[in-house]
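Undergrad: Protein chains in written order, with this note's numbering: chain H, 1 to 425; chain S, 426 to 850. C-beta: ideal position from N, C-alpha, C; glycine also.
(1) With the cut-off set at 9 Å, would you say residue 791 of chain S and residue 445 of chain S are in Cβ contact?
(2) Pull up the DSSP beta-bridge partners for residue 162 of chain H, would you.
(3) DSSP state of residue 544 of chain S, grouped into three classes?
(4) From S:580, S:836 and S:627, pick the residue whose C-alpha is nearest to that of residue 485 of chain S; which is it?
(5) Under DSSP, the beta strand (DSSP E) around residue 425 of chain H begins and ends at which residues?
(6) Starting from the beta carbon of residue 191 of chain H, find every residue of chain S whose beta carbon is closer than 8 Å, and list them in chain order.
(7) Leaving out five residues before and five after residue 18 of chain H in sequence, what residues of the same chain have Cβ atoms less than 6 Å from its Cβ?
(8) Short of 8 Å Cβ to Cβ, which residues in the segment 784-807 of chain S face chain H?
(9) Do you know whose CA, among S:758, S:845 and S:729, lies nearest residue 740 of chain S's CA?
(10) Is the beta carbon of residue 820 of chain S less than 9 Å from the beta carbon of residue 798 of chain S?
(11) Looking at the C-beta of residue 24 of chain H, does it have a partner C-beta in chain S at a distance below 9 Å?
(12) So, is residue 536 of chain S buried or exposed, given that buried needs 16 or more other C-beta atoms within 10 angstroms?
(13) Is there at least one Cβ from chain H nearer than 9 Å to residue 647 of chain S's Cβ?
(14) I want to know whether the segment 629-644 of chain S touches the segment 587-599 of chain S - three or more CB-CB distances under 8 Å.
(15) Who pairs with residue 19 of chain H in a beta bridge, going by DSSP?
(16) Could you list the residues in the segment 501-534 of chain S with a C-beta less than 7 Å from some C-beta on chain H, going in chain order?
(17) Helix or strand or just coil, what does DSSP make of residue 192 of chain H?
(18) Could you spell out the range, first to last residue, of the beta strand (DSSP E) harbouring residue 484 of chain S?
(19) Roughly how many angstroms separate the alpha carbons of residue 40 of chain H and residue 331 of chain H, rounded to a whole number?
(20) Assuming residue 396 of chain H is part of the alpha helix (DSSP H), what are its boundary residues?
(21) In angstroms with no decimal places, state the Cα-to-Cα distance between residue 603 of chain S and residue 610 of chain S.
(22) Rounded to whole angstroms, what is the Cα-Cα separation between residue 831 of chain S and residue 730 of chain S?
(23) How many angstroms separate the CA atom of residue 84 of chain H from the CA atom of residue 671 of chain S?
(24) Identify, in the order they occur along the chain, each residue of the same chain with its Cβ nearer than 6 Å to the Cβ of residue 34 of chain H, setting aside the five sequence neighbours on each side.
(25) Would a C-beta distance cut-off of 9 Å place residue 647 of chain S and residue 638 of chain S closer than the cut-off?
(26) Using the C-alpha atoms, what's the distance from residue 576 of chain S back to residue 568 of chain S?
(27) Pick out whichever of S:765, S:493, S:642 and S:519 has its Cα sitting closest to the Cα of residue 785 of chain S.
(28) Quick check on the burial criterion: 16 or more other C-beta atoms within 10 angstroms. Buried or exposed for residue 92 of chain H?
(29) Can you give the Cα-Cα distance for residue 532 of chain S and residue 664 of chain S, rounded to whole angstroms?
(30) Which residue marks the beginning of the beta strand (DSSP E) containing residue 375 of chain H, and which one marks its end?
(31) Any idea which residues DSSP pairs residue 668 of chain S with across the strands?
(32) Do residue 371 of chain H and residue 55 of chain H come within 9 Å of each other at the CB atom, strictly closer than that value?
(33) Reducing DSSP to helix, strand and coil, say where residue 830 of chain S ends up.
(34) Given this structure, state the Cα-to-Cα distance separating residue 183 of chain H from residue 368 of chain H, to the nearest angstrom.
(35) How far does the alpha helix (DSSP H) with residue 766 of chain S in it reach, from first residue to last?
(36) State yes or no: is the C-beta of residue 353 of chain H within less than 9 Å of the C-beta of residue 382 of chain H?
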């Protein structure tokens, strides 16, 4: 009885699992009978949840605006990307394990090969993957002019991150990476992208750093050895995606001490989790690739539910299938996710809420992220059950949640969990 | 014929009654067959209005954000609480009848008892209710340093309000009230909550005022008498909920001279009505408690419709039932409201619109305000009738108004009434 609930507890609180199916949303596919992969997949668990719960459509940021995985997840966790996100650099730096502070400016980097005329021969230095840690080591912790310090760390394969720390820096500088899929373009000089002193200072620091890096890399025995073995030397650094680190208020502070954890094999989502103060669960069997291990993810989520209020479970494989245009694979992965959710639903503590949504759509016909809204279902005690009985793009457009933003979705989930704060008295 | 109407009148205008059912929204309740109190209640009038009108869901402020009664009503009347609301103090000051002006800083106060060491013995001074007006009188109209004037007025029982008036004051100062339900905590010193000169000045003024108040109260014959009678003396003032008075543009100025009035037995809603320039109808038979007198409210509303364009009728009892977890009582009150609306509908002038909604949800299972949206129905000439035939949380989620905010709702009503202003030409 309601009355009892109120007397026994100070405030009614519930746990929740939030399943993020990367790139889930899609468009009708002719070969699937004009259905989406989600609509064509056999998903008894998801449909039961739709039937017993409430569904709707979520625009992660706003209608028609495609989001990256980073921005999509920030929105899904109730953050305004305009406030906490200014480029991919800081996310990658976090993912690479570099300590960063508000005001730092971070860049994604590639080890690359340039010839004597500054023409990029290979944007990935022959996809170098040996000796990268050693090369990164000599580029780390370098003091530049004007009291700027550069920290550098390797990421996956030929990738790395650079963090500049100093007073009055700006992310508004151009890339040294000429970009493009074809090599043969010149490495670009760093230009300030606005007239502020911060952009000028950052451009100066970055140019100085890149010159030092070229010199150190050219002299390094690993590169001399690569040339002797007929391999392309990693003799320069290409920079792109500069972003300034902003202060991101952790979820715990925003929502009444809520304890959050994330299960994801993908570095970007792990970085978002760290940035927002979630515990991250790392396991070699949990990857961000096609080899999706639902059973392992389910048991990790259930384990984390003991000491956490909200557990995020992320699946990347659907997005990869969307990018590759493989609607058949996407459908199959969704069916495996249905089994994973079945395991979570059957074994989570009583009254645990389960919400399922996505960071963005990746329609197979596009092969890229799109601005289509994503389907959402919220299941568990307290939700206002609507009339929809399946979990799919079209049924969700008629659901009880209506059409909401990613931020709205998270606030609704937080409110159902009992962690929201009243506006006014 | 429309053409005629346009020719005869300068602009088509209609009157409206807006019924605000406090805390109406709820969640499915097992004992009611997984229906909400509104869905379970027998409401032939409300359902007929849904059938002949248009329904939808309203997020008073934004999805998932619980609102207080004050903020919920400001939103329902089309105001942005971020612009006109900075704390409960000014609302209470208005409710207590104090004249306030933009720039004033107002606080909610308690008369309380402290011992010689500054430890709060009773946050309510033994729930003092005799002599309060006299004690409040000696604390009123005191000139402090730096040209700050303090006004003080009693509210209900041990409660009171304090208004500081001066140049450059700020609401960002801490509470002297240690809060909590248990006594035995020390009265808190007033600290500025930011580094502005305004916060520093306000903290100084408030500290000075509280010292003067303690001295005046200690010497007062009423307190000496209380001690002799074995009662706790009201020997100090506890302050909390500081808010600055902002300029609130009256409804009349915002919407083409619209004349508004409110029927409410609750001090908070009466204060919001005053703040927004509505006439308030006060009557001892109209209360903000369980003893809801629908017939009296209906006749008051009908009377006010003569000289007003918009009449707000507020019912508090549903919110009380939600707080107490009494779904059965909530259902019964809603059935009484149905009768009240029947009376209004049958006797209001031709073409009067009736809108019914709420300031927030107070689900019985939570016993507190929640961020669930509230159902809305608008009935009368001009509305686009949708397919819904009942007034309930689920049916409203499928209504023709969609999912809108409180501000959207009010603008829609104002537009149907013919008081909206064109943007552009």
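TA: Once the coordinates are examined:
(1) No, the pair does not count as a contact, with Cβ atoms beyond the cut-off.
(2) Beta-bridge pairing links residue 162 of chain H to H:107 and H:152.
(3) Here residue 544 of chain S sits in strand by DSSP.
(4) Checked all of S:580, S:836 and S:627; the closest Cα to residue 485 of chain S is S:836.
(5) Per DSSP, residue 425 of chain H belongs to no beta strand (DSSP E) and is neither H nor E.
(6) Neighbours of residue 191 of chain H on chain S: none; closest Cβ ~38 Å, over 8 Å.
(7) The residues are 312 and 355.
(8) Of all residues in the segment 784-807 of chain S, 788, 789, 790, 791, 792, 793, 794, 795, 796 and 797 have a Cβ within less than 8 Å of some Cβ in chain H.
(9) Answer by Cα proximity: S:758.
(10) A distance of 9 Å or more separates the beta carbons of residue 820 of chain S and residue 798 of chain S.
(11) Not one chain S Cβ lies under 9 Å of residue 24 of chain H.
(12) Residue environment: residue 536 of chain S is assigned as buried (16 or more neighbouring CB atoms within 10 Å of its CB, all protein chains considered).
(13) So no, residue 647 of chain S is outside the interface.
(14) Segments in contact, yes.
(15) Residue 19 of chain H is bridged to H:313 and H:356.
(16) So the list reads 506, 510 and 513, given in the order they occur along the chain.
(17) Of the three classes helix, strand and coil, the one that applies to residue 192 of chain H here is strand, per DSSP.
(18) Note, residue 484 of chain S: beta strand (DSSP E), 479-484.
(19) Residue 40 of chain H and residue 331 of chain H: Cα-Cα distance of roughly 7 Å.
(20) 393-396 is the extent of the alpha helix (DSSP H) around residue 396 of chain H.
(21) For residue 603 of chain S and residue 610 of chain S, the gap between their C-alpha atoms comes out near 6 Å.
(22) Annotation: residue 831 of chain S to residue 730 of chain S spans about 23 Å, alpha carbon to alpha carbon.
(23) Rounded to whole angstroms, residue 84 of chain H to residue 671 of chain S spans 30 Å at the Cα level.
(24) Close CB contacts of residue 34 of chain H within its chain, under the 6 Å cut and outside five residues either way in sequence, are with 28 (chain order).
(25) No, the pair does not count as a contact, with Cβ atoms beyond the cut-off.
(26) Here the C-alpha atom of residue 568 of chain S lies approximately 9 Å from the C-alpha atom of residue 576 of chain S.
(27) The candidate whose alpha carbon is nearest that of residue 785 of chain S is S:493.
(28) In summary, residue 92 of chain H is buried, with 16 or more beta-carbon neighbours lying within 10 Å of its beta-carbon over all protein chains present.
(29) Whole-angstrom Cα-Cα distance: 6 Å.
(30) Start and end: 374-379.
(31) According to DSSP, which records beta bridges pairwise, residue 668 of chain S is partnered with S:531.
(32) Judged by their CB atoms, residue 55 of chain H and residue 371 of chain H are not nearer to each other than the 9 Å cut-off.
(33) Strand, per DSSP.
(34) The alpha-carbon atoms of residue 183 of chain H and residue 368 of chain H are separated by roughly 23 Å.
(35) Residue 766 of chain S -> alpha helix (DSSP H) spans 752-772.
(36) Note that the C-beta distance between residue 353 of chain H and residue 382 of chain H is below 9 Å.
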